[in-house]
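K.L.:
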Amino acid sequence: MTPDTPDRLLRVDLSTRTVESVPVPEAWLRRYVGGKGLGARYLYEELEAGVDPLGPSNALLFMLGPLSGRLPGESRYAAVTKSPLTGGFLDSYAGGSFPDALVGALGPNAGLLVTGRADEPVRVVVEDGAATVEPTDAWGEDTVETAAAHPDASVACIGPAGEREVAYATIASDEGDHHAGRGGAGAVMGSKRLKAVVARGEPPALEDERLTALREAAAERYRDDETGRWLRASETVESVDFANEVGALSTRGWADGRFEDADAIGVGAVRERATGRENESADADTDDPGGFRVETDEGDYVPRGAASMSLGAGLGIDEFDAVAELGQTCDRLGVDLISAGSSIAWAIKAADAALIERSLDFGDPDGARRLLEEIAARETPLGDALADGVDAAAERFGGDDLAPTVKAMELPAYDPRGAQSMALAYATSDRGACHRRARPIEREVFDGEWSPDRTAETVVAEQDRRSVLWCLIVDDFVGEAFDDLGAAWLDAVGLEPLGDLATVGERVWNLTRLFNVREGVTRSDDALPSPLREPLESGPNAGEAVDRERFEATLDRYYRKRGWGPDGRPTRATVERLDLAEAVDDDSLLASSTSSVPEE
Numbered sequence: 001m002t003p004d005t006p007d008r009l010l011r012v013d014l015s016t017r018t019v020e021s022v023p024v025p026e027a028w029l030r031r032y033v034g035g036k037g038l039g040a041r042y043l044y045e046e047l048e049a050g051v052d053p054l055g056p057s058n059a060l061l062f063m064l065g066p067l068s069g070r071l072p073g074e075s076r077y078a079a080v081t082k083s084p085l086t087g088g089f090l091d092s093y094a095g096g097s098f099p100d101a102l103v104g105a106l107g108p109n110a111g112l113l114v115t116g117r118a119d120e121p122v123r124v125v126v127e128d129g130a131a132t133v134e135p136t137d138a139w140g141e142d143t144v145e146t147a148a149a150h151p152d153a154s155v156a157c158i159g160p161a162g163e164r165e166v167a168y169a170t171i172a173s174d175e176g177d178h179h180a181g182r183g184g185a186g187a188v189m190g191s192k193r194l195k196a197v198v199a200r201g202e203p204p205a206l207e208d209e210r211l212t213a214l215r216e217a218a219a220e221r222y223r224d225d226e227t228g229r230w231l232r233a234s235e236t237v238e239s240v241d242f243a244n245e246v247g248a249l250s251t252r253g254w255a256d257g258r259f260e261d262a263d264a265i266g267v268g269a270v271r272e273r274a275t276g277r278e279n280e281s282a283d284a285d286t287d288d289p290g291g292f293r294v295e296t297d298e299g300d301y302v303p304r305g306a307a308s309m310s311l312g313a314g315l316g317i318d319e320f321d322a323v324a325e326l327g328q329t330c331d332r333l334g335v336d337l338i339s340a341g342s343s344i345a346w347a348i349k350a351a352d353a354a355l356i357e358r359s360l361d362f363g364d365p366d367g368a369r370r371l372l373e374e375i376a377a378r379e380t381p382l383g384d385a386l387a388d389g390v391d392a393a394a395e396r397f398g399g400d401d402l403a404p405t406v407k408a409m410e411l412p413a414y415d416p417r418g419a420q421s422m423a424l425a426y427a428t429s430d431r432g433a434c435h436r437r438a439r440p441i442e443r444e445v446f447d448g449e450w451s452p453d454r455t456a457e458t459v460v461a462e463q464d465r466r467s468v469l470w471c472l473i474v475d476d477f478v479g480e481a482f483d484d485l486g487a488a489w490l491d492a493v494g495l496e497p498l499g500d501l502a503t504v505g506e507r508v509w510n511l512t513r514l515f516n517v518r519e520g521v522t523r524s525d526d527a528l529p530s531p532l533r534e535p536l537e538s539g540p541n542a543g544e545a546v547d548r549e550r551f552e553a554t555l556d557r558y559y560r561k562r563g564w565g566p567d568g569r570p571t572r573a574t575v576e577r578l579d580l581a582e583a584v585d586d587d588s589l590l591a592s593s594t595s596s597v598p599e600e
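The opening residue of the sequence shown carries number 1 in full-length UniProt numbering; numbering runs sequentially from there.
1. Please report the distance separating the alpha-carbon of Asp300 from that of Leu90.
2. If you measure between the beta carbons of Leu247 and His178, is that distance less than 7 angstroms?
3. In angstroms with no decimal places, state the Cα-to-Cα distance between Ser592 and Arg572.
4. Quick one: what's got a C-beta closer than 6 angstroms to Glu145's C-beta in the same chain, skipping five residues either side?
5. Would the beta-carbon of Glu552 fall within 7 angstroms of that of Arg417?
6. Run through the DSSP bridge pairs and tell me what Asn109 is partnered with.
7. Return the CA-CA distance between Arg223 and Asp288, expressed in angstroms with no decimal places.
8. Assign Thr115 to one of two classes, buried (16 or more other C-beta atoms within 10 Å of its C-beta) or exposed (fewer than that).
9. Three-state secondary structure (DSSP) at Ser75?
10. Along the alpha helix (DSSP H) that carries Arg215, what are the first and last residues, could you check?
11. Could you give the residue range of the alpha helix (DSSP H) that holds Thr329?
12. In the DSSP assignment, find the beta strand (DSSP E) that holds Val122 and state where it starts and stops.
13. Quick one: what's got a C-beta closer than 7 angstroms to Glu457's C-beta in the same chain, skipping five residues either side?
14. From Thr286 to Glu220, what distance separates their C-alpha atoms?
15. Return the chain-ordered list of same chain residues with a C-beta closer than 7 angstroms to the C-beta of Ala274, the five sequence neighbours on each side being excluded.
16. Using only the alpha-carbon positions, how far apart do Arg59 and Leu113 sit?
17. Between which residues of its own chain and Ala345 is the CB-CB distance below 7 angstroms, once the five residues before and five after are set aside?
18. Are Leu43 and Gly111 close, meaning C-beta to C-beta below 7 angstroms?
19. Roughly how many whole angstroms lie between the Cα atoms of Thr428 and Asp526?
20. Per DSSP, what kind of secondary structure is Gly268 in: helix, strand or coil?
21. Taking DSSP as the reference, what is the three-state secondary structure of Leu67?
22. To which residues of the same chain is Cys330 closer than 6 angstroms at the C-beta, ignoring the five residues directly before and after it?
23. DSSP on Gly276, reduced to helix/strand/coil?
24. Report back the beta-carbon spacing between Ile356 and Leu382 to the nearest angstrom; my notes put them in contact at under 8 angstroms.
25. Where does the unbroken alpha helix (DSSP H) through Pro23 begin, and where does it stop?
26. Tell me, to the nearest whole angstrom, how far the beta carbon of Glu201 is from that of Ala105; I am working on the premise that it is less than 8 angstroms.
27. Could you give the DSSP three-state label for Ala130: helix, strand or coil?
28. Can you list, in chain order, the residues of its chain with a C-beta nearer than 6 angstroms to that of Val198? Leave out the 5 residues immediately preceding and following it.
29. Could you tell me the alpha carbon to alpha carbon distance between Ala49 and Glu120, rounded to whole angstroms?
30. Please classify Asp587: is it buried, with 16 or more other beta-carbons within 10 angstroms of its beta-carbon, or exposed?
31. Does the segment 75 to 89 touch the segment 482 to 489, meaning 3 or more C-beta pairs lie closer than 8 angstroms?
32. Using only alpha-carbon positions, find the residue among Cys434, Glu175, Ala350 and Ser191 that is nearest to Glu278.
33. On the criterion of 16 or more Cβ atoms from any shown chain inside 10 Å, does Phe446 qualify as buried, or is it exposed?
34. Shortest alpha-carbon distance to Leu214 belongs to which of Gly290, Pro72 and Asp128?
35. In the structure shown, what three-state DSSP assignment does Ser92 receive?
36. Would Pro6 and Asn109 be called neighbours here (beta carbons separated by less than 7 angstroms)?
Printed below as a string of structure tokens:
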């Protein structure tokens, strides 16, 4: 490796307020590379089965990749921990200025591993390759206020939702513009009394000629790539229009697949209101300009596609300002807007079914906002229940068939009844229902109906590819233009992975599966949520539902292609083939044979 390739880790124990920089085992760097992979390996090593996600023994890692600060596109970091929402493995990502500052601040360290629990609210300040634990008086402030108090640094922090350990609280950066959103990493910070990580640093200058050439070539490929053109033109808000057109836009609590007022909250409406883009200095032809900026009564805001889908169509709200203000509320409170939208939709349907006594309706932004604030404050029985997620609220009040979840994580707004392959993508995601692990909806829509075997093959390939990109921590969309998964980049920095990069991705996916199996995950957790077995009421896919038998057949094919047994556990042969035996010393986690389902 080159001298400036990070090969150490900063360990911070909040209970003792001690900090130590330790070397990363070279074998781990070769097997897991960085980012998600290295974070997963440390989490597997540090935690015993059954550790309370909100207890002091849980670990929270802020991870970078070996190419952080050098790649084109928006820099990102990974927050890796055991999820308080799902009880399983969690990696969540955020971009903006914080990852770049963290690169410079960490120096020779590939990340920050935080354990323990402080006896008072603290912040961790990272600078010049070291870290200090300091008291803070920011407890109680929202994410914007917390960041604004550090004008000389970049901050990743929690808001009131994280402080109160809401199970889907986020870690916010850039004054709430960016979030490590899904799964509740912010709640883990709150449980540790860690209000913020403050990074003071700049990424190293790109002086190596080979790396410079690779960056220029990657930027050019991305500029000409369909994904790059799409993002420069529309950012993620066009996802609303796409999902609506194909009838896969979850609307009014998963009742419909098309929102008749999508134009009012889609990309056209955003462009009309835009005052500029996030990266105002970006070159229009080559750089990623970032999201659109708009002004609302609440101030400056960067709308994302997920906000319009989950807080707009999902709640039947067709006023752009109302959706934007709900998104801003989520950002300031530090709460995942996808889980928040599903929680409010569940409450509306539960009220309609007389399971709870509350006046709530679709299309009511004021009622939604009030409930958001109750969730973040845990100040009412309903808010407190929903703060632990839809499954927890359903366990308390009933209504487990009102909103779909996988492994207790609420589904994003792509409805599998409009794209059946998404059912497998959600069910097998290692962190719970997630469209970022695999998004076969585009290929299915454009290529036509898929067989179970083809669906399984595509989902496996996408999951493995994205695992690689998250080990490098490449901007998701820029990574789609990487034709070699980044092999040339790693060669340039002297990091030689064990096996090709496709194998690294498969290895990491199996490691996170083994973590989840150790936490009790079985085939029954890779389940088809019952609401998806009910037909859509309207749209081009009206009357469509996800067929259970077909889904189970597709899951069988998926397990076979993974080299897992019919119960969803990797086999010893798979573990040995992927050089995972060094991590796994408990044969009870493994299957004895592969699935008996024949190949097609």
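All C-beta atoms in this analysis are idealised placements derived from N, C-alpha and C, irrespective of residue type, glycine included.
P.N.:
In brief:
1. Between Asp300 and Leu90, the C-alpha separation is close to 30 angstroms.
2. The residue you asked about is not Leu; residue 247 is Gly in the sequence shown. Contact flag unset, no.
3. Answer to the nearest angstrom: the Cα atoms are 7 angstroms apart.
4. Hits under 6 angstroms: none found.
5. No, Cβ-Cβ distance for Glu552 and Arg417 is not below 7 angstroms.
6. DSSP lists Arg8 as partners of Asn109.
7. Rounded to whole angstroms, Arg223 to Asp288 spans 9 angstroms at the Cα level.
8. So Thr115 counts as buried.
9. Residue state, collapsed to three classes: coil.
10. Glu209 to Asp224 is the extent of the alpha helix (DSSP H) around Arg215.
11. From DSSP, the alpha helix (DSSP H) with Thr329 extends over Phe320 to Leu333.
12. That run of the beta strand (DSSP E) goes Val122 to Glu127.
13. Result list for Glu457: Lys561, in chain order.
14. Caution applies to Thr286, whose pLDDT of 47 falls short of 50 and renders its modelled position unreliable; the value that the coordinates give is listed next. Cα to Cα, the separation comes out at about 7 angstroms.
15. Counting only Cβ-Cβ distances below 7 angstroms, and skipping sequence neighbours, we find Phe292, Arg293 and Val294.
16. As written in the sequence, residue 59 is Ala, which differs from the Arg given in the question. Roughly 7 angstroms separates the two Cα atoms.
17. Annotation for Ala345: Gly253, Gly314, Leu315 and Ala403 place their beta carbon closer than 7 angstroms to its own, counting only its chain and skipping 5 residues before and after.
18. No, these two residues do not count as a Cβ contact at 7 angstroms.
19. Using only the alpha carbons, I get a separation of about 6 angstroms.
20. In the structure shown, Gly268 sits in a helix (DSSP, three-state: H, G or I).
21. DSSP places Leu67 in coil when its eight states are reduced to three.
22. Within its own chain, the residues whose Cβ lies closer than 6 angstroms to the Cβ of Cys330, once the five positions on either side in sequence are excluded, are Leu337 and Ala340, listed in chain order.
23. Gly276 falls in the strand class under three-state DSSP.
24. So it is a contact: roughly 6 angstroms between Cβ atoms.
25. Membership of Pro23 in any alpha helix (DSSP H) is not indicated; the residue belongs instead to the beta strand (DSSP E) covering Thr18 to Pro23.
26. The sequence shown places Gly at residue 201, not Glu. The pair is a contact, with the Cβ atoms about 3 angstroms apart (cut-off 8 angstroms).
27. It is a strand residue.
28. Cβ within range, chain order: Arg123, Val125, His150, Ala153 and Val155.
29. Between Ala49 and Glu120, the C-alpha separation is close to 28 angstroms.
30. It counts as exposed.
31. The segment 75 to 89 and the segment 482 to 489 do not touch, with fewer than three beta-carbon pairs separated by less than 8 angstroms.
32. Residue nearest to Glu278 within the set Cys434, Glu175, Ala350 and Ser191 is Glu175 (criterion: CA-CA distance).
33. Under this definition Phe446 is an exposed residue.
34. Per the Cα distances, Pro72.
35. The answer is strand: DSSP assigns Ser92 an E or B state.
36. Against a cut-off of 7 angstroms, the Cβ pair of Asn109 and Pro6 comes out as a contact.
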